[in-house]
Amino acid sequence: MFDVYKIRKDFPILSREVNGKPLVYFDNAATSQTPQAVIDTIVDYYSNYNANIHRGVHYLSQEATDVYEEARKKIRKHFNAARLHEIIFTSGTTHSINLVATGFSSILKKGDEIIVSALEHHSNIVPWQMLCERTGAILKVIPMNEEGALEMDAYDALLSEKTKLVFTNHVSNALGTVNPIKQIIDKAHAVGAAVLIDGAQSCPHIKPDVQELDVDFYVASAHKMCGPTGVGMLYGKEEWLNKLPPYQGGGEMIAEVTFEKTTYADLPHKFEAGTPNICGGIAFGAAIDYMNAIGFDTIAAYEDELLKYGTEKLLEIEGLKIYGTTENKTSVISFNIEGIHPYDIGTIVDKLGIAVRTGHHCAQPIMDYYKIPGTVRASFSFYNTKEEIDALVEAVRKAKMMLS
Ligand code: PMP
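In terms of UniProt numbering, the sequence shown opens at residue 1 and continues consecutively.
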């Protein structure tokens, strides 16, 4: 039985106060909170076996290497990659996307086409625009509709033998929309294009199976799923990772170095130059263990309950509009109140101890579509409660009263 009050005890931060009120943390789509098990893993690393990995013969180095590589195994298992060396540690989703986009510089030619969706975070737009500048490739956009869904007929029309790559998020960070990625992947493959899926927002809620999806690249950040900041992963099919050149040069990523010629290490090390975020990688593994112990089906079912409750209660406020669909989405509610700037609502609810995000959420094209400067975004996690949603609704009502 899922007991949210018991779960909350795992998160020390949830018992603190902000502005003299109990903290209500509804900015989970920006970063999730950290359970004690993950904090303990970090403390244990620095207290007991902090050492550089892979190249040391001494005991601590081998211990750190073993635990770090154990974390890679946990990540492989979680995403169901076929091979361990298809999991590359990165500093996060942004790094993973840039690694792939830079690698495609040597693959794309002038006039090739790449397709992005209208629902993307800037980190899944800008690296590809930079790739187009370098190669002369052309960026095409799958449009969205009022419901915050992608226009799949338009996607069909964009695909052709010129399409080399398609990249979209699994879940939109601004609206919570779950995109039909299996369909997107299959259609891209039918014209011979590769697909990268940005899983930054899906991973806290959904356990993706990269083999079943048959996706070419899947990327995520640990800090969205109860892990620390500054670490994440890139899954790439072996054949693709072998085709891409290294992203950065340095130690760890080489086989042999002479001034005449350097040869590169095998996967995954070819893409892991320099000393990585060792503790972060290990803590990422601990976060995955923590979430799996609760279970992703349990998490999704409970968060869906919160989403339905929050949607219903917020919509009772006159003049409040929720952007995008209210179904087939993760627990994100992006809203505005007629005539009031989202920033002002965010500031007032913060004074009442409630953390929401306001602004364009690094997804400016979505805001442009709705012709708004931004939204208030409340994003719920499995450690949030209906009472906290009541506090938010009350705070938004107060803000509305003060600002109208
Ligand atoms: N893509 C999406 C959909 C996101 O929500 C985020 C984080 N807000 C990112 C990419 C970037 O992730 P990071 O900052 O961890 O690299």
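We put the beta carbon where it would ideally sit given N, CA and C, even for glycine. These figures come from a predicted structure and were not determined experimentally.
*Where does Tyr45 land, buried or exposed, given buried means 16+ other C-beta within 10 angstroms?*
Within the sequence shown, numbered from 1, the residue matching residue 45 stands at position 45. Using a 10 angstroms sphere on the CB of Tyr45, the tally of other CB atoms reaches 16 or more, which defines it as buried.
*Should Ile13 be labelled buried (16 or more other beta-carbon atoms within 10 Å of its own) or exposed?*
Translated into positions along the sequence shown, residue 13 becomes position 13. By the neighbour-count criterion, in which 16 or more other beta carbons inside 10 Å mark a residue as buried, Ile13 falls on the exposed side.
_Pocket of ligand 1 (residues with CB nearer than 5 Å to any heavy atom), chain order_ = Checking every Cβ against the heavy atoms of ligand 1 under 5 Å gives Gly92, Thr93, Thr94, His121, Ser123, Asn169, Asn173, Asp198, Ala200, Gln201 and Ser221.
*Residue closest to Val349, alpha-carbon to alpha-carbon, out of Asp390, Cys132 and Val67*: The residue labelled residue 349 in the question sits at position 349 within the sequence shown. Cα-wise, what sits closest to Val349 is Asp390.
*Reference Gly227; option with closest CA among Gln211, Lys237, Tyr290 and Pro180*: In the sequence shown, residue 227 corresponds to position 227, counting from 1. Nearest Cα to Gly227 within the set Gln211, Lys237, Tyr290 and Pro180: Tyr290.
*At what residue ranges does the stretch 100-142 contain a whole run of the alpha helix (DSSP H), taking only runs of 4 or more?*
Here the runs fully enclosed are 126-135.
*At what residues does the alpha helix (DSSP H) containing Val393 begin and finish?*
Counting from one through the sequence shown, the residue named residue 393 turns up at place 393. Segment Lys386 to Leu403, the alpha helix (DSSP H) holding Val393.
*Kindly give me the distance between the Cβ atoms of Asn80 and Gln183, rounded to whole angstroms, as I take these residues to be in contact under 8 Å.*
Residue numbering aside, residue 80 sits at position 80 when the sequence shown is read from its first letter. Residue numbering aside, residue 183 sits at position 183 when the sequence shown is read from its first letter. The Cβ separation is near 20 Å, so there is no contact.
*Tell me whether Arg377 sits in a helix, a strand or coil according to DSSP, three-state version.*
Within the sequence shown, numbered from 1, the residue matching residue 377 stands at position 377. In this structure, Arg377 counts as strand in the three-state DSSP scheme.
*Return helix, strand or coil for Ile368, following the three-state DSSP convention.*
The residue labelled residue 368 in the question sits at position 368 within the sequence shown. Looking at the sequence provided, one finds Asp at residue 368 rather than Ile. Helix at Asp368.
*Taking DSSP as the reference, what is the three-state secondary structure of Val171?*
Here residue 171 corresponds to residue number 171 of the sequence shown, with the count starting at 1. Strand, per DSSP.
*Touch check for the stretch 213-223 and the stretch 312-330: three-plus C-beta pairs under 8 Å?*
Taking 8 Å as the limit for Cβ pairs, the verdict is that the stretch 312-330 does not touch the stretch 213-223.
*Considering only the beta carbon of each residue, do Ile278 and Ile7 sit closer than 9 Å?*
Looking up residue 278 in the sequence shown gives position 278. Looking up residue 7 in the sequence shown gives position 7. Using a Cβ distance threshold of 9 Å, Ile278 and Ile7 do not count as a contacting pair.
*Touching or not, the stretch 176-190 and the stretch 349-364, by the rule of three or more beta carbon pairs under 8 Å?*
Contact between the stretch 176-190 and the stretch 349-364 is absent, because fewer than three Cβ pairs lie under 8 Å.
*Across which residues does DSSP place Val257 in a beta bridge pair?*
As a working note, residue 257 is residue 257 in the sequence shown. Beta bridge pairing from DSSP links Val257 with Thr262.
*Of the choices Arg134, Glu147, Ala149 and Gly111, whose alpha-carbon is the least far from that of residue 405?*
In the structure as shown, the chain begins at 1 and stops at 404. Residue 405 is therefore absent and cannot be evaluated.
*What residues in its chain sit with their C-beta under 7 Å from that of Arg76, if we drop five residues either side in the sequence?*
Residue numbering aside, residue 76 sits at position 76 when the sequence shown is read from its first letter. The residues are Leu84 and Ile87.
*Residues bridged to Leu234 (per DSSP)*: Looking up residue 234 in the sequence shown gives position 234. Bridge partners of Leu234: Ile88 and Val219.
_Own chain residues within Cβ distance below 8 Å of Met144, not counting five before or after_ = Working through the sequence shown from its first residue, we reach residue 144 at position 144. Once the five neighbours on either side are set aside, the close Cβ partners of Met144 are Ser117, Ala118, Leu119, Leu150, Glu151, Ile366 and Tyr369.
*asked:* Is it the case that the stretch 59-70 contacts the stretch 188-208, given that we only count it when at least three CB pairs across the two stretches are under 8 Å?
replied: Touching, no, given that fewer than three Cβ pairs across the two stretches are closer than 8 Å.
*Nearest neighbour of Ala37, chosen from Cys203, Asn292 and Ser334 [CA to CA]*: If you number the sequence shown from 1, residue 37 lands on position 37. Ala37 has its Cα closest to that of Asn292, out of Cys203, Asn292 and Ser334.
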